[in-house]
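Residue numbers (mature numbering (1 follows the signal peptide of the UniProt record, and there is no 0)): -22 to -1, 1 to 420.
Every residue, glycine too, gets a C-beta built ideally from N, C-alpha and C.
Computed from a prediction, not measured in an experiment: that's the story for all the values here.
Accompanying notes for the structure given below.
Given below as structure tokens:
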């Protein structure tokens, strides 16, 4: 079996689920209501399954033990004490080999493809309907991505927390060099020009204007896959792949950006040393970096939206979220459904938001309290990040993580440091990916 080792930036909230439930309960088994076609549907709300223990595998949701208890265990226990949740981070192939398959899996949308390889996810379409869950109240980029992952036929998990692309910038550096602050929404070209002006040396200090995203993020934002399922081969040499790589190369080509043969700069330059002016990434990443650095009040900074392509304006970083997947072979599916209902309740979603995990609910009130537990974003232009729409993840495969790793390291280095032209570098990378990744994992 393929070992699952996928990392996401998502860092890791009731008794009565409310916000997504179309109708409240009435009676023991639910309430009859009319759907859009005027037909009667029964919306189930109560759990009648008896004692149950659920093994919950956390693949890459970044949920700590404390958060698991607060957002998963406690809300369910408050209503159904007979349901017990046990968290594990063991590799999935090890669990399956031991005959202890997980009842639920917490996973990011890019990593769902690998979980599907194990034939685990249950299609939750019937569950969503029978429990009256209103998906229109969710962020529609998340819903669209879920439908895309299910080939428009299945809904393979319940999203419970998402991430958003954002740009953080150091206002002190802009002030020092008399440069105007970034607009709420910028193109890569506009950000590049800022980077050129702010990558400079002053008083013996070297400043970096912009640390651009990695190649994987830029391909995803443009909707470019790195594997062709029809051909069964890596695919990274199209004209669009070259075009996006050229956009990235322009940032690395700014005089002074590459230092001592290094083109990958530490995030410490922004969050600790205050020598970087602009840094686009995921909003949850900023929460982590500022917390670890302890410098949220050490300098002036603010937020803007994630940069966009000039021919795809208004489309930001790929939608990134975590979902709870129910094992279709689980004997405790009804108990697992209660966990899902709790996760998407208004109460838990508000707690998630306050803790720095962006709610999947398209509710300004819940989003406005984002990160309020530590006041990191108090007084910051947080609403600017929502002025672009997340792009959808291209068709994914189990080969993507290793192919993306090859692109971000060897292929990028060969262009930036070794001076190989982009077309040759991508061609070499594609050949190596097919030989060392695809042929090995087939």
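- One Cα belongs to residue 403, the other to residue 410, and the distance between them is close to 11 Å.
- Straight-line spacing of the CA atoms in residue 317 and residue 262 works out to 24 Å.
- Assignment of residue 342 by DSSP, reduced to helix, strand and coil, places it in the helix class.
- Residues 223, 226, 385, 386 and 390 of the same chain have their beta carbon placed closer than 7 Å to that of residue 193, with the five preceding and five following residues left out of the count.
- The Cβ atoms of residue 83 and residue 303 lie closer than 9 Å to each other.
- DSSP, reduced to helix, strand and coil, places residue 362 within a helical segment of the structure shown.
- Comparing alpha-carbon positions, the option among 393, 379, 394 and 50 lying closest to residue 414 turns out to be 379.
- Scanning its chain for C-beta atoms nearer than 8 Å, with the 5 sequence neighbours on each side dropped, one finds around residue 183 the residues 253, in chain order.
- With a cutoff of 9 Å on beta-carbon distance, residue 113 and residue 372 are scored as not near each other.
- With fewer than 16 other Cβ atoms inside 10 Å of its own Cβ, residue 356 counts as exposed.
- Taking all protein chains shown into account, residue 277 has fewer than 16 neighbouring C-beta atoms within 10 Å of its C-beta and is therefore exposed.
- Looking at the DSSP output, residue 314 sits in no beta bridge, so it has no partner there.
- Note: residue 369 is bridge-paired with 296 in the DSSP secondary-structure output.
- Residue 44 and residue 221 have their C-alpha atoms some 44 Å from each other.
- No residue range can be given for residue 163, since it is assigned to no alpha helix (DSSP H) and is classified by DSSP as neither H nor E.
- When only Cα atoms are considered, residue 155 and residue 176 end up about 8 Å apart.
- Beta bridge pairing from DSSP links residue 286 with 165.
- A residue is called buried once 16 or more other Cβ atoms fall within 10 Å of its Cβ, and residue 81 is buried on that count.
- Cβ neighbours of residue 54 within its own chain (closer than 6 Å, five residues either side excluded): 61, 316, 317 and 320.
- Across the structure, residue 93 and residue 69 are spaced so that their CA atoms are roughly 12 Å apart.
- Taking all protein chains shown into account, residue 395 has fewer than 16 neighbouring C-beta atoms within 10 Å of its C-beta and is therefore exposed.
- Each of 167, 256 and 104 was checked against the Cα of residue 281, and the nearest Cα belongs to 256.
- Rounded to the nearest angstrom, the gap between the Cα atoms of residue 39 and residue 260 is 14 Å.
- Distances from the CA of residue 146 to each of 331, 274 and 324 were compared; the closest alpha carbon is that of 274.
- By the Cβ neighbour-count rule, residue 418 is exposed, with fewer than 16 other Cβ atoms within 10 Å of its own.
- Burial state of residue 323 is buried, judged by a 10 Å Cβ sphere holding 16 or more other Cβ atoms.
- Selection 312, 308, 313 and 352 evaluated against residue 329 yields 352 as nearest (Cα-Cα).
- With fewer than 16 other Cβ atoms from the protein chains shown falling within 10 Å of its own Cβ, residue 159 counts as exposed.
- Look at residue 40 here: in three-state DSSP terms it is coil, with no helix or strand label.
- Contact between residue 186 and residue 230 is ruled out by a C-beta separation of about 11 Å, above the 8 Å threshold.
- The shortest C-alpha to C-alpha distance from residue 153 to any of 416, 370, 52 and 279 is the one to 279.
- Distance from the Cα of residue 96 is smallest, within the candidate group 398, 305 and 243, for 305.
- The residue among 168, 89 and 132 with its C-alpha nearest the C-alpha of residue 300 is 89.
- Annotation for residue 258: the continuous beta strand (DSSP E) segment containing it runs 254 to 260.
- Judged by their CB atoms, residue 144 and residue 370 are not nearer to each other than the 9 Å cut-off.
- The beta carbon of residue 248 sits closer than 6 Å to those of 254 and 257, all from its chain and outside the five residues before and after it, given in chain order.
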